[in-house]
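Read top to bottom, the protein sequences are chains F and W.
Going by full-length UniProt numbering, the letters in the first sequence line up with residues 1 to 287, in that order.
Going by full-length UniProt numbering, the letters in the second sequence line up with residues 1 to 287, in that order.
Cβ coordinates follow ideal geometry from the N, Cα and C atoms, glycine included.
In this text the structure is predicted, and so the values were computed from the model without any measurement.
2 protein chains.
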Amino acid sequence: MLLEVSPMAQIVIMGNKSSTVSPPQMSDSTDPGNPALLDASKLRITHAETLKPLQPIETLRFGQAFSDHMIVATHDPVTGWSVPEIKPYGPIALDPASSCFQYGGNVFEGMKAYLGPDGKARLFRPDLNMRRLERSCARLALPPIDGDVVLELVKRLVEFERRWIPKESGYSLYMRPTVIATRPGLGVIASDHAMLYILASPTGPYFPQGLQAVSLLAVSENVRAWPGGTGGHKVAGNYSPGFLPQKAATQQGYDQILWLFGEDRRITEAGAMNFFVVVKRDDGDGA
Amino acid sequence: MLLEVSPMAQIVIMGNKSSTVSPPQMSDSTDPGNPALLDASKLRITHAETLKPLQPIETLRFGQAFSDHMIVATHDPVTGWSVPEIKPYGPIALDPASSCFQYGGNVFEGMKAYLGPDGKARLFRPDLNMRRLERSCARLALPPIDGDVVLELVKRLVEFERRWIPKESGYSLYMRPTVIATRPGLGVIASDHAMLYILASPTGPYFPQGLQAVSLLAVSENVRAWPGGTGGHKVAGNYSPGFLPQKAATQQGYDQILWLFGEDRRITEAGAMNFFVVVKRDDGDGA
Numbered sequence: 001m002l003l004e005v006s007p008m009a010q011i012v013i014m015g016n017k018s019s020t021v022s023p024p025q026m027s028d029s030t031d032p033g034n035p036a037l038l039d040a041s042k043l044r045i046t047h048a049e050t051l052k053p054l055q056p057i058e059t060l061r062f063g064q065a066f067s068d069h070m071i072v073a074t075h076d077p078v079t080g081w082s083v084p085e086i087k088p089y090g091p092i093a094l095d096p097a098s099s100c101f102q103y104g105g106n107v108f109e110g111m112k113a114y115l116g117p118d119g120k121a122r123l124f125r126p127d128l129n130m131r132r133l134e135r136s137c138a139r140l141a142l143p144p145i146d147g148d149v150v151l152e153l154v155k156r157l158v159e160f161e162r163r164w165i166p167k168e169s170g171y172s173l174y175m176r177p178t179v180i181a182t183r184p185g186l187g188v189i190a191s192d193h194a195m196l197y198i199l200a201s202p203t204g205p206y207f208p209q210g211l212q213a214v215s216l217l218a219v220s221e222n223v224r225a226w227p228g229g230t231g232g233h234k235v236a237g238n239y240s241p242g243f244l245p246q247k248a249a250t251q252q253g254y255d256q257i258l259w260l261f262g263e264d265r266r267i268t269e270a271g272a273m274n275f276f277v278v279v280k281r282d283d284g285d286g287a
Numbered sequence: 001m002l003l004e005v006s007p008m009a010q011i012v013i014m015g016n017k018s019s020t021v022s023p024p025q026m027s028d029s030t031d032p033g034n035p036a037l038l039d040a041s042k043l044r045i046t047h048a049e050t051l052k053p054l055q056p057i058e059t060l061r062f063g064q065a066f067s068d069h070m071i072v073a074t075h076d077p078v079t080g081w082s083v084p085e086i087k088p089y090g091p092i093a094l095d096p097a098s099s100c101f102q103y104g105g106n107v108f109e110g111m112k113a114y115l116g117p118d119g120k121a122r123l124f125r126p127d128l129n130m131r132r133l134e135r136s137c138a139r140l141a142l143p144p145i146d147g148d149v150v151l152e153l154v155k156r157l158v159e160f161e162r163r164w165i166p167k168e169s170g171y172s173l174y175m176r177p178t179v180i181a182t183r184p185g186l187g188v189i190a191s192d193h194a195m196l197y198i199l200a201s202p203t204g205p206y207f208p209q210g211l212q213a214v215s216l217l218a219v220s221e222n223v224r225a226w227p228g229g230t231g232g233h234k235v236a237g238n239y240s241p242g243f244l245p246q247k248a249a250t251q252q253g254y255d256q257i258l259w260l261f262g263e264d265r266r267i268t269e270a271g272a273m274n275f276f277v278v279v280k281r282d283d284g285d286g287a
């Protein structure tokens, strides 16, 4: 299902502001027993003072360039979700004791916005990404988040940063909704504070060589996913343990890792891509 | 082995400055092929403008209060480690695409400084914490770090924040060295940028009820550590997957979780504490 990104409506323009970190706009909720829900219709906009030049597409590497703006909203256990804001892309400031640094309670999604020949921007089945985002937040006991509202915000940012969507085939504007745990304190408990932000990154093929064959090193001594773990969720901490095995694979001349699990070496994942098997049968009938 | 915290020597005083985030002092290294090592002897000090009042010890909860200062040093792949700095405790500002948010590549240590009847501050076998910190960094492919230098910095901060060490039995100044992955970018690769910071938190008993018996819920459907995983290292991402099971245990009236693994339900860890078994034999001879 390709979903069209609808044009923006009723957006409050907040005028120019520098890109330093500012306290989030609190929601309108004044009822302490009724924390505010995330509400895309309240989206505010703070424009960047200057816009960056678009990068030539042949220099685009995955996830290295970012558009001029991002969307940010914060969750407080008493007041709930703040008013979401489109603001200049820039650093976020957090207490060093925050849960995201200490206990890694972060989740994310990745999805691409494409520009069609008809000039419309499209996302591919983003509702499924949003359902997974909701499940990931629940798995790490983050504050609940409404994926439909996050999707509405993603679409707003796609439309707002429309000039950043590359027109060339194989290129796209990669959208990265991220939820990080911002409870300040070292107690090993669930984070009741969180920050949602959405980044937009113009991007080309993930592999520098493009859609060529990649070589995989089968790895079983390090395990990417295991029963009772978090491999079925898109949580930050799933990824960094793969960095060292990936370094070793690269040094041996392989592009990526084929992750195995268990004594019968079941395939759990293949590096940064999906994994399909095509079987050619003796009678010539592919299955 | 109790290690005495030695008095400070040759510390450069930098004068007062507000607690906003400032770019780190670069190291003296001007040789691009020779990144600077972390060097405790170059420690600089920026004093907080005002000092916080000490908190009454009966109000101390684990990891909620922090001293006036922290130590920060940053690693850049070209210039190496910056000059470490004692600076006012305050927020750190990072690119939202940083590896620590996206892929959870953070590690930490926890150790307590006690004030002895002789007035000396002591750490308990901190060298073993530092060896584990080195192993944790290596496991997540973070830039290598010299644990002996980190320990020297921990000792400097203990001495600098000496007034924060509670004198009462059972209380201590909890030291939290943390290394976070700060490479900005969404590529799923090892972070060649990092930030080391050390926090000091006056603390009492971990459990509000003190050294009373705690109840444990044995959990096997969620798995805390597994062969080929990171359970043997102190990495941030080990902890947040335990938040949801801990919530469920709390709701059932248990204090903590006894983590089991495998069909024979081996014990891998017990919540936020060590786990020992005392066996009383039929012949009355404890083992």
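Neighbour list for residue i in chain F, Cβ cutoff strictly below 8 Å
i, result
"VAL154 (chain W)", "Simply none; closest approach about 15 Å."
"GLY63 (chain W)", "ALA97, GLY185, LEU186 and GLY187"
Interface residues of chain W facing residue i [CB-CB closer than 7 Å]
i, result
"VAL188 (chain F)", "TYR239 and ALA272"
"TYR103 (chain F)", "ALA236, TYR239 and SER240"
"SER201 (chain F)", "LEU186"
"ARG44 (chain F)", "Within 7 Å Cβ-Cβ: nothing; ARG44 (chain F) doesn't reach chain W, min ~18 Å."
"ARG176 (chain F)", "LEU186"
Check whether residue i and residue j have beta carbons under 8 Å apart
i, j, result
"GLY104 (chain W)", "ALA236 (chain W)", "yes"
"VAL179 (chain W)", "ASP39 (chain W)", "no"
"ALA138 (chain W)", "LEU123 (chain W)", "no"
"GLY228 (chain W)", "VAL223 (chain F)", "yes"
"PRO84 (chain F)", "ALA93 (chain F)", "no"
"GLY63 (chain W)", "GLY231 (chain F)", "no"
"LEU37 (chain F)", "LEU153 (chain F)", "no"
"LYS234 (chain W)", "SER99 (chain W)", "no"
"LEU140 (chain W)", "PHE243 (chain F)", "yes"
"PRO245 (chain F)", "VAL219 (chain F)", "yes"
"TYR171 (chain W)", "ILE57 (chain W)", "yes"
"ALA200 (chain W)", "LEU157 (chain W)", "yes"
"residue 288 (chain F)", "LEU115 (chain F)", "Chain F is shown from 1 up to 287; residue 288 (chain F) falls before or after that span and cannot be answered."
"GLU161 (chain F)", "SER82 (chain F)", "no"
"TYR89 (chain F)", "HIS69 (chain F)", "yes"
Residue-chain proximity (residue i, chain W), Cβ-Cβ < 8 Å
i, result
"TYR197 (chain F)", "yes"
"LYS247 (chain F)", "yes"
"ILE92 (chain F)", "yes"
"ASP148 (chain F)", "no"
"ALA48 (chain F)", "no"
"MET130 (chain F)", "no"
"ASN106 (chain F)", "yes"
Neighbouring residues, chain W, relative to residue i (Cβ below 9 Å)
i, result
"VAL223 (chain F)", "TRP226, PRO227, GLY228 and GLY229"
Contact set between residue i and chain W, taken where Cβ atoms lie within less than 8 Å
i, result
"PHE66 (chain F)", "ALA97"
"ILE180 (chain F)", "PHE101"
"LEU140 (chain F)", "SER240, PRO241, PHE243 and LEU244"
Heavy atom of the ligand GDP within 7 Å of residue i beta-carbon
i, result
"ALA225 (chain F)", "This structure lacks the ligand GDP, and indeed carries no ligand of any kind."
Contacts that residue i makes with chain F (C-beta to C-beta distance below 7 Å)
i, result
"PHE160 (chain W)", "Those do not exist, as PHE160 (chain W) stays about 17 Å from chain F at its closest Cβ, beyond 7 Å."
"MET70 (chain W)", "PRO96"
Counterpart residues of residue i in DSSP-defined beta bridges
i, result
"VAL72 (chain W)", "W:GLU85 and W:TYR197"
"GLU269 (chain W)", "W:TRP259"
"GLY80 (chain F)", "F:ALA36 and F:ASP76"
"LYS112 (chain F)", "F:TYR174"
"SER99 (chain F)", "Paired residues: none, contrary to the question."
"VAL107 (chain F)", "F:VAL179 and F:VAL235"
"ILE92 (chain W)", "F:LEU94"
Contact with chain F by residue i, beta-carbon distance below 8 Å
i, result
"VAL278 (chain W)", "no"
"VAL21 (chain W)", "With a pLDDT of 38 at VAL21 (chain W), under the threshold of 50, the predicted position of this residue should be treated as unreliable, though the coordinate-derived value follows. True, the Cβ-Cβ gap to chain F drops below 8 Å."
"SER27 (chain W)", "Model confidence at SER27 (chain W) stands at a pLDDT of 49, short of 50, so the residue's coordinates are unreliable and nothing is read from them."
Min CB distance residue i to chain A below 8 Å
i, result
"CYS100 (chain F)", "Among the protein chains of the structure shown, namely F and W, there is no chain A."
Go through the region 158-246 of chain F residue by residue and report every complete run of the beta strand (DSSP E) that reaches 3 residues or more, in order. 172-181, 194-203 and 216-219
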